[in-house]
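If you're matching positions, the sequence shown starts at 1 in the UniProt record's numbering and goes up one per residue. Heads up, the beta-carbon is just placed ideally off N, CA and C, and yes, glycines get one too. None of the values given here were measured: they were computed from a predicted structure. First up is the structure itself, then whatever we jot down about it.
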Amino acid sequence: MDAFFAAAEQAAKPSLRGKPVVVGGVGPRGVVSTASYEARVFGVRSAMPTAQARRLCPNAAYLSPRFSVYRQVSDSVMELLHGLSPLVEPLSLDEAFVDLEAGGVAADSAAARAVGEQLRRDIRAVTGLTGSVGLAGAKMLAKIASEAAKPDGLRIIEPGTERELLGPMTVRTLPGVGPATAEALRRAGITTVAET
Numbered sequence: 001m002d003a004f005f006a007a008a009e010q011a012a013k014p015s016l017r018g019k020p021v022v023v024g025g026v027g028p029r030g031v032v033s034t035a036s037y038e039a040r041v042f043g044v045r046s047a048m049p050t051a052q053a054r055r056l057c058p059n060a061a062y063l064s065p066r067f068s069v070y071r072q073v074s075d076s077v078m079e080l081l082h083g084l085s086p087l088v089e090p091l092s093l094d095e096a097f098v099d100l101e102a103g104g105v106a107a108d109s110a111a112a113r114a115v116g117e118q119l120r121r122d123i124r125a126v127t128g129l130t131g132s133v134g135l136a137g138a139k140m141l142a143k144i145a146s147e148a149a150k151p152d153g154l155r156i157i158e159p160g161t162e163r164e165l166l167g168p169m170t171v172r173t174l175p176g177v178g179p180a181t182a183e184a185l186r187r188a189g190i191t192t193v194a195e196t
């Protein structure tokens with residue numbers, strides 16, 4: 001799901017659509033959980049102190065999280081995923097891995113792409129929200145593909161193209177490589193996936 005908490009708030013309250021929305025702790029020690037794409041234009045990001053977000057984007061709508069609402073939306077999406085395969089591995093309210101092969105719905109890349117596009121349409125129809133889909137032969141690659149597809153897209157990593165596609169990407173693309181690890185790798189002369 002794309003900017004999930006903020007998008008769910010925008011869907012629930014039409015007056016927020018197209019406007020910067022920041023969901024998270026609203027007190028003096030609050031932290032941003034999710035920023036809408038409209039707020040991200042101003043530099044607002046997840047895990048940023050809310051006070052800093054307010055300085056960057058003072059006209060955004062700042063909202064406390066409503067987890068019961070997000071859970072309902074998530075349940076609807078997970079139901080769609082379970083319709084594709086018995087093997088669904090939720091990572092959070094807004095992200096999951098689905099084994100399409102186990103579901104027997106994707107015999108080849110063309111079929112997988114068709115399933116992914118239909119899933120995106122179904123998510124929009126059921127929730128009013130957008131979801132990005134990453135398709136690949138391994139979970140890590142599917143996650144990278146999904147991130148590359150955001151917002152509201154589909155990306156497929158064909159078998160045999162992984163090196164060519166991932167090579168020029170920064171090491172921060174890899175799940176688990178945060179700022180500290182990226183800096184340590186940079187000091188060792190490694191900045192791209194190809195250099196690892």
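Along the chain, where does the beta strand (DSSP E) containing valine 21 start, and where does it finish? Start at 1 with the first residue of the sequence shown, and residue 21 comes out as number 21. Segment 21-24, the beta strand (DSSP E) holding valine 21.
Looking at the secondary structure, which residues open and close the alpha helix (DSSP H) in which phenylalanine 4 lies? Numbered from its first residue, the sequence shown carries residue 4 at position 4. Run containing phenylalanine 4: 4-12, per the alpha helix (DSSP H) assignment.
Is it the case that the segment 22-29 contacts the segment 49-68, given that we only count it when at least three CB pairs across the two stretches are under 8 angstroms? yes
Valine 73 and alanine 8 look like a contact to me (Cβ under 8 angstroms); what is the Cβ gap, rounded to whole Å? Counting from 1 along the sequence shown, the entry for residue 73 is found at position 73. Counting from 1 along the sequence shown, the entry for residue 8 is found at position 8. With 8 angstroms as the limit, valine 73 and alanine 8 qualify as a contact, their Cβ atoms being about 5 angstroms apart.
Grouping DSSP H, G and I as helix and E and B as strand, with all else coil, what is isoleucine 156? As a position in the sequence shown, residue 156 is number 156, starting the count at 1. Three-state DSSP puts isoleucine 156 in a strand.
Report back the beta-carbon spacing between threonine 173 and threonine 191 to the nearest angstrom; my notes put them in contact at under 8 angstroms. The residue you call residue 173 lines up with position 173 of the sequence shown. The residue you call residue 191 lines up with position 191 of the sequence shown. That pair is no contact at about 11 angstroms.
Enumerate, from N- to C-terminal direction, the unbroken alpha helix (DSSP H) stretches of 4 or more residues contained entirely within the segment 87-130. 100-103, 109-127
Taking just the CA atoms, how far does arginine 45 sit from alanine 51? Position 51 of the sequence shown, counting from 1, holds the residue named residue 51. Position 45 of the sequence shown, counting from 1, holds the residue named residue 45. Taking the straight line joining both Cα atoms gives about 12 angstroms.
Between the C-alpha atoms of valine 133 and arginine 113, what's the straight-line distance to the nearest angstrom? The sequence position of residue 133 within the sequence shown is 133, counting from 1. The sequence position of residue 113 within the sequence shown is 113, counting from 1. Each residue's alpha carbon lies about 9 angstroms from the other.
Inter-residue spacing [alpha-carbon to alpha-carbon] between phenylalanine 4 and alanine 149: As a working mapping, residue 4 is identified with position 4 in the sequence shown. As a working mapping, residue 149 is identified with position 149 in the sequence shown. Roughly 15 angstroms between the two C-alpha positions.
Is leucine 84 closer than 8 angstroms to valine 69 when the C-beta atoms are compared? Here residue 69 refers to the residue found at position 69 of the sequence shown. Here residue 84 refers to the residue found at position 84 of the sequence shown. For valine 69 and leucine 84, no; Cβs fall outside 8 angstroms.
Measuring only the C-alpha atoms, how far is glutamate 79 from proline 175? For the purposes of this step, residue 79 is taken as residue 79 along the sequence shown, with counting starting at 1. For the purposes of this step, residue 175 is taken as residue 175 along the sequence shown, with counting starting at 1. Between glutamate 79 and proline 175, the C-alpha separation is close to 26 angstroms.
Pull up the CB-CB distance for alanine 136 and isoleucine 157, whole angstroms please, since I reckon it's below 8 angstroms. Position 136 of the sequence shown, counted from the start, is the residue given in the question as residue 136. Position 157 of the sequence shown, counted from the start, is the residue given in the question as residue 157. Confirmed, Cβ separation roughly 4 angstroms.
Rounded to whole angstroms, what's the CA-CA distance from valine 177 to alanine 12? Just pull it up for me. For the purposes of this step, residue 177 is taken as the residue at position 177 of the sequence shown. For the purposes of this step, residue 12 is taken as the residue at position 12 of the sequence shown. Distance between the alpha carbons of valine 177 and alanine 12: 34 angstroms.
Can you check which of these residues, Ala106, Ala180, Ala6, Glu164, is closest to alanine 194 by C-alpha distance? Position 194 of the sequence shown, counted from the first residue, corresponds to residue 194. It is Glu164.
Does the beta-carbon distance from arginine 120 to glycine 131 come in below 8 angstroms? Here residue 120 corresponds to residue number 120 of the sequence shown, with the count starting at 1. Here residue 131 corresponds to residue number 131 of the sequence shown, with the count starting at 1. Yes, Cβ-Cβ distance for arginine 120 and glycine 131 is below 8 angstroms.
Which value, in whole angstroms, describes the spacing of the CA atoms of arginine 71 and leucine 129? Reading the sequence shown from its first residue, position 71 is the one you call residue 71. Reading the sequence shown from its first residue, position 129 is the one you call residue 129. Roughly 14 angstroms separates the two Cα atoms.
Ends of the alpha helix (DSSP H) at leucine 166? Taking the sequence shown and counting its residues from 1, the one referred to as residue 166 is at position 166. Looking at the DSSP string, the run of the alpha helix (DSSP H) that includes leucine 166 is 162-166.
Does leucine 174 come out as helix, strand or coil in the three-state DSSP assignment? Numbered from its first residue, the sequence shown carries residue 174 at position 174. In this structure, leucine 174 counts as coil in the three-state DSSP scheme.
Residue 262 - DSSP class collapsed to helix/strand/coil: Only positions 1 to 196 of the chain appear in the structure, and residue 262 is not among them; the question remains open.
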